[in-house]
Amino acid sequence: MMQIPCICCGPRDENEFVCGGTSHLSRPDLGASDEEWGRYLFFRENPKGLHLERWRHVQGCGLWFNVARDTVTHAVKSVYPITGAPPP
Amino acid sequence: MKYSAWSLLRGALSGHRHWSAAWADPTPRPSYDLVIVGGGGHGLATAYYLAKNHGITNVAVVERGWLGGGNTGRNTTIVRSNYLFPESARLYDFSLKLYEGLSQDLNFNIMLSQRGLVMLAHSRHDLDSMSRWANAMRMNGIAAELLGREEVGEMAPALDLSPHARLPVLGGFAQRRAGTARHDAVAWGYARAASALGVHIIQNCEVRGFVQESGKVVGVDTSRGRIRAERVGIAAAGHSSVLAKLAGFQLPVTSYALQAMVTEPIKPILDTVVLSPGTGAYVSQSDKGEIVLGAMLDLFPSYAQRGSFAVKQAIIAATLALFPSFSRLQLMRQWAGIVDVVHDSSPIIGPTPIPRLYINCGWGTGGFKAIPVGGWTFAHVLATGKSHALAAPFQLERFISGRLIDEAAASGIAH
Chain A
2 MMQIPCICCG PRDENEFVCG GTSHLSRPDL GASDEEWGRY LFFRENPKGL
52 HLERWRHVQG CGLWFNVARD TVTHAVKSVY PITGAPPP
Chain B
16 MKYSAWSLLR GALSGHRHWS AAWADPTPRP SYDLVIVGGG GHGLATAYYL
66 AKNHGITNVA VVERGWLGGG NTGRNTTIVR SNYLFPESAR LYDFSLKLYE
116 GLSQDLNFNI MLSQRGLVML AHSRHDLDSM SRWANAMRMN GIAAELLGRE
166 EVGEMAPALD LSPHARLPVL GGFAQRRAGT ARHDAVAWGY ARAASALGVH
216 IIQNCEVRGF VQESGKVVGV DTSRGRIRAE RVGIAAAGHS SVLAKLAGFQ
266 LPVTSYALQA MVTEPIKPIL DTVVLSPGTG AYVSQSDKGE IVLGAMLDLF
316 PSYAQRGSFA VKQAIIAATL ALFPSFSRLQ LMRQWAGIVD VVHDSSPIIG
366 PTPIPRLYIN CGWGTGGFKA IPVGGWTFAH VLATGKSHAL AAPFQLERFI
416 SGRLIDEAAA SGIAH
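Listed in order, the protein sequences are those of chains A and B. By the working numbering, the letter at position 66 of the first sequence is numbered 67, and the numbering carries on one by one without gaps. By the working numbering, the letter at position 2 of the second sequence is numbered 17, and the numbering carries on one by one without gaps.
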């Protein structure tokens, strides 16, 4: 089973967590066009390889945080706070 | 070569030495009218209907691996059309009708078995939502029957129907025309029929880039060289985003792993397909006797064709609660396919933002049952440049306009 290193509780099994999808999306202004809203809501790079994503430790501390994970090997490269900058 | 009882008999008398290869293995030409990227069911069906319905045979299907080695060979072989919305019902029922005539059309036995499908209701709430679902199907002209507990028991006597069951069966509904088909045979049948009409099927040929001139796609760069084409169609399921990135655009797709597994073969015990939407489990018995278990999605982005233990555990637990007599069966194989999930669980069949590049994707967890209609409608847009009436609501543009077809029934399971 994949293990996710929670930044509060340490490594735990994946079924203690939920994945909240791609990180670092910024919400457009209220006056944005349909095109911009559509892109923000639905369109994603969906990379084969490193993906920056949000996870929440729902069955543990309840914390949201960011995970840099490879979508092919499932290896977690790094974890960082929810408001943290993406790894270089 | 036409397959028939006569050719089988002839083979029996001549040592079966007269069989020829089912499809040709040509060297790619430098250019074609159309190139289809992806040699799974949808890509091969597209090539077949381009040749058959539109008379376009100067077509190549390029496949990175082998035919049907992706999701076409990894699904649980279920075909059905129990959808909620009129647009989806029309699309998937057309697909099921094509499946009903496909063995004759292709001269290849796809082993369609319309053994029926029963959805289980485990709670009063399930009963209500299934009444809605079955009535929506009837409104769309597709037969559905609401069932009581005894009637479910007649369809699947191995279910635990006792009132104290962990997952009590209160009733359900059935689509009698649903069933299973041999998934490999669907890919091979389309490949053979398309090849016989002159389509080139090129395996072990990976697309590494799209050739673009003045903003238009004019071909593909592959591991076997550059192939030019008037139009290019992508039918690559879970890898659609990877190809879209090569061409320079994004899709509203997330790739997830969807798992399935089979047990050792046993004597016939289950002659229908059982789905339990509340638990995400679906169960049938293959013609070889294996119990085929399907799961819900592993809900995090993945391109690994294996699937996680957490979901496996949940599905096996749910299946054993439904069918306690399966508890001593041993699992033989387990795998996952990478499925292209979009927000409204409905497909995308049409143009992309890049001129002359088209895409058929977004089938998510339910692509196998849609192979005939996916091929039919994708061939139509590739041949004519205009959407087929069935596919018109299923355009990429809907993610900008907001006119989604939010087909909660798409996979028939929670997701």
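Idealized CB from N, CA, C, for every residue including glycine.
**Item:** Within chain A, the residues that residue 325 (chain B) reaches when beta carbons sit closer than 9 angstroms
**Value:** Position 310 of the second sequence holds residue 325 (chain B). Going along chain A in sequence order, the residues near residue 325 (chain B) (Cβ under 9 angstroms) are 2, 3, 14, 15, 16.
**Request:** Name, going along the chain, the residues of the region 293–318 of chain B whose beta-carbon falls closer than 7 angstroms to a beta-carbon of chain A.
**Result:** 314, 315, 316, 317, 318
**Request:** List the residues of chain A that residue 257 (chain B) touches, going by C-beta distances under 7 angstroms, in chain order.
**Result:** Position 242 of the second sequence, counted from the start, is the residue given in the question as residue 257 (chain B). Correct list: 49.
**Request:** Can you say whether residue 187 (chain B) is buried or exposed, counting buried as having 16 or more other CB atoms within 10 angstroms of its CB?
**Result:** As a first step, residue 187 (chain B) is located in the second sequence; it is residue number 172 there, counting from the start. Buried, since its Cβ has 16 or more Cβ neighbours within 10 Å.
**Message:** Between residue 265 (chain B) and chain A, is any beta-carbon pair separated by less than 9 angstroms?
**Reply:** Counted from its first residue, the second sequence places residue 265 (chain B) at position 250. True, the Cβ-Cβ gap to chain A drops below 9 angstroms.
**Span of the alpha helix (DSSP H), counted from its first residue to its last, around residue 70 (chain B)** = Within the second sequence, numbered from 1, the residue matching residue 70 (chain B) stands at position 55. Neither: residue 70 (chain B) is in no alpha helix (DSSP H) and is coded neither H nor E.
**Message:** Does chain A have any CB closer than 9 angstroms to the CB of residue 414 (chain B)?
**Reply:** Reading the second sequence from its first residue, position 399 is the one you call residue 414 (chain B). With 9 angstroms as the cut-off, residue 414 (chain B) counts as an interface residue toward chain A.
**Message:** Just to confirm the assignment: which complete beta strand (DSSP E) runs, minimum length 3, are found wholly within the region 134–187 of chain B?
**Reply:** 160–163
**Item:** Chain-order list of residues whose beta-carbon lies under 6 angstroms from that of residue 54 (chain B) (same chain, five-residue window excluded)
**Value:** Looking up residue 54 (chain B) in the second sequence gives position 39. Cβ neighbours of residue 54 (chain B) beyond the five flanking positions: 76, 78, 82.
**Request:** Please confirm whether residue 316 (chain B) and residue 84 (chain A) have their CB atoms less than 9 angstroms apart.
**Result:** Numbered from 1 along the second sequence, position 301 holds the residue referred to as residue 316 (chain B). Numbered from 1 along the first sequence, position 83 holds the residue referred to as residue 84 (chain A). Taking 9 angstroms as the Cβ cut-off, residue 316 (chain B) and residue 84 (chain A) do not qualify as a contacting pair.
**Request:** Grab the span of the beta strand (DSSP E) containing residue 49 (chain B) for me, first residue to last.
**Result:** Within the second sequence, residue 49 (chain B) is the residue found at index 34, counting from 1. Its beta strand (DSSP E) spans residues 46–52.
**Request:** Output the distance between the C-alpha atoms of residue 155 (chain B) and residue 303 (chain B), rounded to the nearest integer angstrom.
**Result:** As a position in the second sequence, residue 155 (chain B) is number 140, starting the count at 1. As a position in the second sequence, residue 303 (chain B) is number 288, starting the count at 1. Going by the C-alpha atoms only, they are around 35 angstroms apart.
**Message:** By the 8 angstroms beta-carbon criterion, what residues does the region 344–369 of chain B contribute toward chain A?
**Reply:** 357, 358
**Prompt:** In whole angstroms, what separates the C-alpha of residue 386 (chain B) from that of residue 127 (chain B)?
**Reply:** Sequence index remark: in the second sequence, residue 386 (chain B) carries index 371 (1-based). Sequence index remark: in the second sequence, residue 127 (chain B) carries index 112 (1-based). Those two C-alpha atoms are separated by around 14 angstroms.
**Request:** From the DSSP output, read off the bridge partner residues of residue 65 (chain A).
**Result:** Working through the first sequence from its first residue, we reach residue 65 (chain A) at position 64. According to DSSP, residue 65 (chain A) bridges with A:57.
**Message:** Less than 8 angstroms between C-beta atoms, sequence neighbours within five positions excluded: which residues of the same chain meet that for residue 16 (chain A)?
**Reply:** For this step, residue 16 (chain A) is matched to residue 15 along the first sequence. The answer, listed in chain order, is 2, 60.
**Message:** Using a Cβ-based criterion (distance less than 8 angstroms to any ligand heavy atom), does residue 56 (chain A) qualify as near the ligand FMN?
**Reply:** As presented, the structure is devoid of all ligands, the ligand FMN included, so that no description of it is given.
**Prompt:** Can you find a CB in chain B that lies within less than 9 angstroms of the CB of residue 72 (chain A)?
**Reply:** Start at 1 with the first residue of the first sequence, and residue 72 (chain A) comes out as number 71. Answer yes: the Cβ-Cβ gap between residue 72 (chain A) and chain B drops below 9 angstroms somewhere.
**Asked** Exposed or buried, which one is residue 220 (chain B) when buried takes at least 16 other CB atoms within 10 Å?
**Response** As a first step, residue 220 (chain B) is located in the second sequence; it is residue number 205 there, counting from the start. Classification for residue 220 (chain B): buried.
**Asked** Starting from residue 5 (chain A) and walking both ways along the beta strand (DSSP E), at which residues does that stretch end?
**Response** Here the question's residue 5 (chain A) lines up with position 4 in the first sequence. Start and end: 4–7.
**Message:** Quick check on residue 141 (chain B): buried or exposed, where buried means 16 or more other Cβ atoms within 10 Å of its Cβ?
**Reply:** The residue labelled residue 141 (chain B) in the question sits at position 126 within the second sequence. Residue 141 (chain B) should be labelled buried.
**Asked** Roughly how many whole angstroms lie between the Cα atoms of residue 12 (chain A) and residue 77 (chain A)?
**Response** One-based indexing of the first sequence puts residue 12 (chain A) at position 11. One-based indexing of the first sequence puts residue 77 (chain A) at position 76. Spanning the two alpha carbons is a distance of roughly 11 angstroms.
**Request:** Determine contact between the region 172–187 of chain B and the region 134–152 of chain B, defined as no fewer than three beta-carbon pairs at a distance below 8 angstroms.
**Result:** yes
**Request:** Can you tell me the Cβ-Cβ gap for residue 24 (chain A) and residue 67 (chain A), rounded? I've got them flagged as a contact below 8 angstroms.
**Result:** Translated into the one-based positions of the first sequence, residue 24 (chain A) becomes position 23. Translated into the one-based positions of the first sequence, residue 67 (chain A) becomes position 66. Right, their Cβ atoms sit about 5 angstroms apart.
**Asked** Taking all protein chains shown into account, do 16 or more other C-beta atoms lie within 10 angstroms of the C-beta of residue 421 (chain B), making it buried, or fewer, making it exposed?
**Response** Locating residue 421 (chain B) in the second sequence gives position 406, where the first residue counts as 1. Exposed, because fewer than 16 other Cβ atoms sit within 10 Å of the Cβ of residue 421 (chain B).
**Request:** Classify residue 10 (chain A) as buried or exposed, calling it buried when 16 or more other Cβ atoms lie within 10 Å of its own Cβ.
**Result:** In the first sequence, counting from the first residue as 1, residue 10 (chain A) sits at position 9. Exposed: under 16 other Cβ atoms inside 10 Å.
**Asked** How is residue 86 (chain B) classed by DSSP in three states: helix, strand or coil?
**Response** Your numbering for residue 86 (chain B) matches position 71 in the second sequence. Residue state, collapsed to three classes: helix.
**Message:** Using the three-state DSSP reduction, which class does residue 17 (chain A) fall into: helix, strand or coil?
**Reply:** In the first sequence, residue 17 (chain A) corresponds to position 16, counting from 1. The answer is helix: DSSP assigns residue 17 (chain A) an H, G or I state.
**Item:** Proximal residues to residue 106 (chain B) (C-beta, below 6 angstroms), its chain only, five neighbours per side dropped
**Value:** Mapped onto the second sequence, residue 106 (chain B) falls at position 91. Answer for residue 106 (chain B): 388, 405, listed in chain order.
**Asked** Given that residue 39 (chain A) touches chain B, what residues does it touch there, using C-beta distances under 7 angstroms?
**Response** Translated into the one-based positions of the first sequence, residue 39 (chain A) becomes position 38. Ordered by position in chain B, the residues that pass the 7 angstroms Cβ test against residue 39 (chain A) are 414, 415.
**Asked** Are the C-beta of residue 270 (chain B) and some C-beta of chain A separated by less than 9 angstroms?
**Response** As a position in the second sequence, residue 270 (chain B) is number 255, starting the count at 1. Yes, residue 270 (chain B) lies at the interface with chain A (some Cβ there is under 9 angstroms from its Cβ).
**Asked** Going along chain B in order, which residues have a C-beta closer than 7 angstroms to the C-beta of residue 20 (chain A)?
**Response** In the first sequence, the residue the question calls residue 20 (chain A) occupies position 19. Here the neighbours are 314, 315.
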